[in-house]
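Here you go:
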């Protein structure tokens, strides 16, 4: 208990850093995931290829390696940004591949007649996808999307190894002060548990309200 009491401000700083990293990375992952899912089912061949390559490369690249590529590689091309921004890019892009595949599986559950009916009303592909298909697809994949974002919150711990202020990184500061390392990690785990339970509760509410009854 003394670990938390004596280092409360350090824990709070790390907790808020992880919360901020998770929030912005989730927004980026959802936006890119929706975009790539649209590309994967687009009638334009080049878009389908781009979406497929995006998902294949990111899903099969270790997240730590992606952090190295983004945080150490992009500055060599003249793109210099705060490490927090690079971490958001790495986490968001990586997670977007999994969001995309979850959404694509949801798109496949939408009856083909829905799209045909939309086209008979004069809608083009973009309108059909974003006004008819994707809203229904998202309703069917709320649980897996929630699980993916929970994994994102836990994956944010990798950012601490790249000078990004986040929860797991606080152990370095506290450990140097001589505190019990077990209790140090216990309170770090509690912080992650709070974030993941909050995400789980949010998606449980969304599922009860918008999910497809089975």
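Residue numbers (full-length UniProt numbering): 1 to 214.
Glycine included, each C-beta is placed from N, C-alpha and C at the ideal position.
Going by C-alpha distance, which of the options is nearest residue i?
i: residue 128; options: 142, 113, 141 and 140; result: 113
i: residue 60; options: 83, 48, 98 and 30; result: 98
i: residue 15; options: 160, 40 and 121; result: 160
i: residue 154; options: 28, 162, 163 and 167; result: 167
i: residue 32; options: 169, 203, 93 and 56; result: 93
i: residue 65; options: 49, 162 and 116; result: 162
Please work out which residues of its chain come closer than 6 Å, Cβ to Cβ, to residue i, disregarding the five sequence neighbours upstream and downstream, and give them in chain order.
i: residue 86; result: 70 and 71
i: residue 144; result: 102
i: residue 9; result: none
i: residue 165; result: 17
Could you check how far apart the C-beta atoms of residue i and residue j are, in whole angstroms? I think they sit under 8 Å.
i: residue 224; j: residue 19; result: One cannot answer for residue 224 here, as it falls past the ends of the chain, which runs 1 to 214.
i: residue 152; j: residue 91; result: 6 Å
i: residue 25; j: residue 156; result: 7 Å
i: residue 42; j: residue 100; result: With a Cβ gap of about 13 Å, residue 42 and residue 100 do not count as contacting.
i: residue 47; j: residue 39; result: 4 Å
i: residue 21; j: residue 84; result: 7 Å
i: residue 67; j: residue 158; result: 6 Å
i: residue 137; j: residue 109; result: 7 Å
Please return the same chain residues whose Cβ sits closer than 8 Å to the Cβ of residue i, not counting the five positions on each side in sequence.
i: residue 200; result: 146 and 150
i: residue 123; result: 131 and 132
Ignore the nearest five residues each way along the sequence and tell me which others in residue i's own chain have a CB closer than 7 Å to its CB.
i: residue 105; result: 141
i: residue 207; result: 142 and 143
Which runs of the beta strand (DSSP E) spanning at least 3 residues fall entirely within the region 47 to 115, listed in chain order?
none
Whole alpha helix (DSSP H) runs in the region 135 to 175 with 4 or more residues, listed along the chain?
142 to 155
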